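Colleague:
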Amino acid sequence: MGRPSPLEVYALLDKSNCGDCGYDTCMAFATDLLERKIRIKDCTHLMKDPKQAKNREKLIKLITPPQKEVRIGIGERECVIGGEEVLMRHQLTFYNQTAIFIEVPDDLGGALESTIKYLTDLKIERIGETLTLDGIALRCVTGDANTFKAMAKKVTELTNLPLMLCCLNPEILLPAAEEIKNKKPLLYGATIETWEKIGTFAVQNDLPLAIISSDLDELMSLSATLQKLGAKGLVLDAGTFFGPGNIAKTYNNIMQLRIAGIDKENPNAGWPIIGVPAAYWSQVNDDKELWQHQYQEVIMGAIMESIDTSLIVMHTGRHPEDVWALLALMTLRQSVFSDPRIYPTVEPGLYKIGEPNEMSPIFVTSNYRMTKIPVEQDLQGANIDCWLLVVDSEGIGIESAVAGGQFNASAIAEAVNKYKAFDNVKHRILIIPGMAARLSGALEDEADAYVVVGPRDSSGIPKFMETQWKPEEFMKEYESWKKN
Ligand code: SF4
29 MGRPSPLEVY ALLDKSNCGD CGYDTCMAFA TDLLERKIRI KDCTHLMKDP KQAKNREKLI
89 KLITPPQKEV RIGIGERECV IGGEEVLMRH QLTFYNQTAI FIEVPDDLGG ALESTIKYLT
149 DLKIERIGET LTLDGIALRC VTGDANTFKA MAKKVTELTN LPLMLCCLNP EILLPAAEEI
209 KNKKPLLYGA TIETWEKIGT FAVQNDLPLA IISSDLDELM SLSATLQKLG AKGLVLDAGT
269 FFGPGNIAKT YNNIMQLRIA GIDKENPNAG WPIIGVPAAY WSQVNDDKEL WQHQYQEVIM
329 GAIMESIDTS LIVMHTGRHP EDVWALLALM TLRQSVFSDP RIYPTVEPGL YKIGEPNEMS
389 PIFVTSNYRM TKIPVEQDLQ GANIDCWLLV VDSEGIGIES AVAGGQFNAS AIAEAVNKYK
449 AFDNVKHRIL IIPGMAARLS GALEDEADAY VVVGPRDSSG IPKFMETQWK PEEFMKEYES
509 WKKN
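When we follow the numbering used here, the leftmost residue of the sequence shown carries the number 29, and every step to the right adds one.
#1: What beta strand (DSSP E) runs, 3 residues minimum, are completely inside the stretch 134-222?
#2: Which same chain residues, not among the five before or five after F365, have their C-beta less than 7 Å away from its C-beta?
#3: Which residue wins for smallest C-alpha separation from Y379, given the options D367, M387, P368, V392?
#4: By the three-class DSSP mapping on this structure, what secondary structure does S468 have?
#5: Compare the C-alpha of R99 against each of T399, R84, P213 and name the closest.
#6: Just to confirm before moving on: does the CB-CB distance between L191 and G163 stay below 8 Å?
#7: Does the Cβ of E112 have 16 or more other Cβ atoms within 10 Å, making it buried, or fewer, making it exposed?
#8: Determine the contact status of T187 and I152, defining contact as a CB-CB distance below 8 Å.
#9: Taking all protein chains shown into account, decide if R286 is buried (16 or more other Cβ within 10 angstroms of its Cβ) or exposed.
#10: Among the candidates E474, P368, G382, R167, whose CA atom is the shortest distance from the CA of M116?
#11: May I have the straight-line CA-CA distance separating I128 from D265, to the nearest angstrom?
#12: Hey, out of P93, K69, Q95, P94, whose CA is closest to L83's CA?
#13: Are the CB atoms of P93 and A58 nearer to each other than 8 Å?
#14: To the nearest angstrom, how far is it from the Cα of H343 to the Cα of I200?
#15: Between N45 and ligand 1, is there a pair consisting of the residue's CB and a ligand heavy atom that are separated by less than 7 Å?
#16: Take V326 as the anchor and find which of D314, D315, R346 has the nearest alpha-carbon.
#17: Do I381 and S338 have their CB atoms nearer than 8 Å?
#18: Excluding the 5 residues flanking P490 on each side, which residues of the same chain have their C-beta closer than 6 Å to its C-beta?
#19: Could you tell me which of I91, T184, K43, T175 sits nearest to I102, measuring between CA atoms?
#20: Report, in whole angstroms, the separation of the C-beta atoms of I91 and L62, which I expect to be a contact under 8 Å.
#21: Three-state secondary structure (DSSP) at I381?
#22: Need the endpoints of the beta strand (DSSP E) that A238 sits in, please.
#23: Do L166 and A180 count as a contact pair if the criterion is CB distance below 8 Å?
#24: Using the C-alpha atoms, what's the distance from Y396 back to N233?
#25: Please confirm whether any heavy atom of ligand 1 lies closer than 7 Å to the CB of C54.
#26: Enumerate in chain order the residues of its own chain whose CB-to-CB distance from M328 is below 8 Å, with the five nearest sequence positions on each side excluded.
#27: Measuring alpha carbon to alpha carbon, tell me which of L235, K504, D291, D485 ends up nearest Q119.
#28: Locate the beta strand (DSSP E) running through C414, then write down its first and last residues.
#29: What did DSSP end up calling I460 once you bin it into helix, strand or coil?
#30: Just the C-alpha distance for T158 and M398, rounded to the nearest angstrom, thanks.
#31: Quick one: does the C-beta of F435 sit closer than 7 Å to a heavy atom of ligand 1?
#32: Give a single yes or no on whether L90 has its beta carbon closer than 7 Å to a heavy atom of ligand 1.
#33: Would you say the beta carbon of T72 comes nearer than 7 Å to a heavy atom of ligand 1?
#34: Can L161 and I130 be called in contact, C-beta distance under 8 Å?
#35: Please state the DSSP three-state secondary structure of M248.
#36: With a threshold of 7 Å, establish whether the CB of L62 neighbours any heavy atom of ligand 1.
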C-alpha cells in the first residue's frame with residue numbers, strides 16, 4: 029500500500045469547509061493530517077457526527093502508517109514513537125525521532141528529587157532548536173513491590189516527563205502500573221512467561237506495552253497474540269547484546285523488524301522498536317575504567333539512533349558530569365532526523381542583537397540556517413550589540429553561494445535597501461564574511477557603503493571587534509571618497 033494522497037483523505041472528510049478545526053478548508057486539513065501536524069480528532073464533524081463513523085474508520089485505516097505510532101505519557105511532553113512510513117530517511121522523511129529515556133533505579137533515595145529535576149529541565153540549544161530528553165525509565169532494582177510502587181508515584185509527582193516502568197515480574201510491575209496508570213506509562217515488559225497477565229492489564233487500562241524476546245519468531249507470535257487480546261500499543265524489544273558478534277546481532281534484529289514492519293507491512297512487526305544500551309551494565313564485567321564502559325554504551329545508542337530505533341534506554345546520562353553522552357546522542361539525533369524535504373533556510377531580514385546604538389556594526393551573512401544561527405549565537409555569546417543583515421542566498425552557505433553567485437553584491441545591496449539597514453545607525457559600514465572578501469569592491473559601489481572584510485569564521489568576530497572595528501576612521505575614509 030503506497031502513501032495516500034491528500035485527495036484520498038479529503039474524499040473521506042465532511043467537505044463543508046466549516047473552519048471549526050482552524051483550517052479554512054477541508055483540503056488544507058487533509059494535507060496537514062497526512063503530515064501528522066494534526067490528528068483526526070481535530071475535525072469535530074468526523075468525531076461527533078454518528079453518520080460519519082464509517083468514514084472515520086476508513087480514514088484511520090487509510091492514514092495509519094505500516095509501523096504504527098505509540099504514545100507514552102500525557103500532556104505537553106507526551107512522547108510519540110514509531111509511525112514511520114519508510115526505511116530510509118531520504119525516501120520521504122522520518123516522523124518521530126528516537127526517544128531517549130534515562131534509566132533511574134528505584135533505590136535512589138535522597139538523590140531522587142535532584143536527579144528527576146535535572147533530567148526534566150535538561151535543555152540543549154543547538155542551531156535554533158531546543159533538544160530535550162523524552163522520558164524516565166524507572167527500573168526496579170530493590171525487588172520490592174511497595175518500594176517500586178511508591179517510587180513510581182513519587183517520580184510522576186516530580187516530573188511531567190513520560191515514564192517507563194521496568195520490571196519483568198508482574199507481581200511488582202502491575203501494582204506500580206495501577207498506581208500511575210492515568211499517566212500512561214510504558215510497561216516494560218511482557219515475555220513469553222508473563223504476556224497474559226501483563227498483556228491483560230495493559231489492554232484493560234489502554235497502556236502501551238513492550239514485548240521482549242531475542243527470538244524474532246517468538247516476538248512475532250507474542251505480538252500476534254497480544255493484538256488478538258486487544259493490545260493497541262505494542263513496542264518490540266529483540267534484545268540489546270554486547271560482546272563479540274553481538275552488536276551485529278542486535279543491529280540485524282532491529283533492521284529485520286523494521287524491514288518486516290515498514291517494507292513488508294507485516295502487522296506483527298509494524299510497531300515501534302526499543303533498544304536498551306543500558307543493558308551493557310548487566311552484561312559486561314571487566315576491569316576497564318568507567319569512561320571506557322560508558323563509551324561502549326553510548327556507541328550502541330548512536331548505532332541505534334542511526335537506524336531509526338524508536339526508543340532507547342540509557343544508563344549513562346543521569347549525572348550532570350555525564351552530559352557529554354547526552355550531547356553526543358542528542359546532536360547525532362538532530363542530524364539523523366532532520367527533514368530532507370525542508371531546505372535549511374531562515375527568513376532574510378535585519379536582526380537586532382542585544383541593544384545596538386547608532387554606531388553599532390552591521391554584520392552581513394547568508395540565510396543558510398547553519399550559517400545564520402551560529403553567527404547569531406557567536407555574536408550573542410560575545411555580548412556584541414549589533415545588527416545582523418541576513419541576505420537571501422537561496423539557503424546556501426557563504427562559500428558556495430559566493431562561488432555560485434547567489435551571495436553577490438547586488439543581492440546584498442538589495443537587502444540593505446529592502447530592510448533599511450542604515451536607517452538604524454549613523455554610519456554606512458557593512459562587515460562582510462571573510463569568505464566573501466572578493467565582493468567588497470562591487471558592494472561598495474552598489475550599496476554606497478564602506479565595506480570591511482570580517483573573519484572567515486564567526487568565532488573570530490570578538491577578536492575582530494577588539495582589533496579592527498574602528499567606525500570613526502572608516503567613516504572618515506568613506507567621506508573622503510565621497511568628496512573625490
Ligand atoms: S472541522 Fe472538519 S469539516 Fe470542518 S473544515 Fe475542518 S476538516 Fe473540514
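Just so it is clear, CB atoms sit at the ideal spot from N, CA and C, and this is done for glycine as well. On a predicted model such as this, the values are computed, not experimentally measured, just so you know.
Modeller: According to the data block:
#1: 151-154, 157-160, 163-167, 191-194, 214-218
#2: F122, Q125
#3: V392
#4: helix
#5: P213
#6: yes
#7: buried
#8: no
#9: buried
#10: P368
#11: 15 Å
#12: The question names Leu, but residue 83 in the sequence shown is Asn. Closest option to N83, Cα to Cα, is K69.
#13: no
#14: 21 Å
#15: yes
#16: R346
#17: no
#18: A410
#19: T184
#20: 7 Å
#21: strand
#22: 237-240
#23: yes
#24: 48 Å
#25: yes
#26: T268, F270, I275, T278, G303, P305, Y308
#27: D291
#28: 414-419
#29: strand
#30: 15 Å
#31: no
#32: no
#33: yes
#34: yes
#35: helix
#36: no
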